[in-house]
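A.B. asks:
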């Protein structure tokens, strides 16, 4: 029996070691050449452990999402936060989901249809430097575990500021185990240099949340 326990313990340690090594490798690659989270691992974005640890509703509450808003979800992926945002904005609100990967957007499209909120959402296959919104159109932009995937972060933040109304909010969330994790101090410096003003930040054991106002 002791031998079986030891074998299972060794197997678990090996698995943890492999995961840590994989994560370190991905972080190094993302630091040198930022790129989107691979669509082949899209199931991880919807894993129950992640959803429980990073509850979409609680996160969007922190960012300040309320009914009737026009919301931009930059790097929407499979639509995890897009779906919740669509429920929260209600019938008079609108959500724009933006992602570089067509395969991610297809996953998001199916999930939104299954959730019955697709009519409140527009999905856009594009990047962060040329967003498909007019000047001063959005009430809130959310960037969840995405900023680190963008090579030119100042350009992306300037474009976010363009599409946000004066006084609108920018919500940035990142997860500590995210391969493209960006330090909170770096985000704050870049956001303030782009013209955003901090409204505060919170953190948990697995992530941090920062909220800014567009100080036009």
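Residue numbers (my numbering): 161 to 376. In this text, a Cβ means the ideal position worked out from N, Cα and C, and glycines have one as well.
1) Any heavy atom of the ligand FAD closer than 7 angstroms to the Cβ of residue 299?
2) Are the stretch 242-252 and the stretch 209-229 in contact at 8 angstroms, needing three or more beta carbon pairs?
3) For residue 366, I'd like the list of residues in its chain whose CB is within less than 8 angstroms of its CB, leaving aside the five on either flank, ordered along the chain.
4) Do you know how far the Cα of residue 362 is from the Cα of residue 262?
5) Straight-line CA distance for residue 306 to residue 326?
6) Beta strand (DSSP E) containing residue 310: first to last residue?
7) Answer yes or no: do residue 286 and residue 258 have a C-beta to C-beta separation smaller than 8 angstroms?
8) Nearest by alpha-carbon distance to residue 319: which of 339, 271, 297 and 359 is it?
9) Would you give the residue range spanned by the alpha helix (DSSP H) that residue 241 belongs to?
10) In angstroms, rounded to a whole number, what distance separates the CA positions of residue 211 and residue 205?
11) Reducing DSSP to helix, strand and coil, say where residue 287 ends up.
12) Assuming residue 260 and residue 269 are in contact, meaning their beta carbons sit under 8 angstroms apart, how far apart are those beta carbons, in whole angstroms?
13) Who does residue 337 pair with in a DSSP beta bridge?
C.D. replies: Short version:
1) This structure lacks the ligand FAD; in fact it carries no ligand of any kind.
2) yes
3) 213, 214, 335, 336 and 337
4) 32 angstroms
5) 23 angstroms
6) From DSSP, residue 310 is part of no beta strand (DSSP E); its letter is neither H nor E.
7) yes
8) 297
9) In the DSSP assignment, residue 241 falls within the unbroken alpha helix (DSSP H) covering 240-249.
10) One C-alpha to the other measures close to 8 angstroms.
11) DSSP places residue 287 in coil when its eight states are reduced to three.
12) 15 angstroms between Cβ atoms; not a contact.
13) Paired residue(s): none; residue 337 is not in a bridge.
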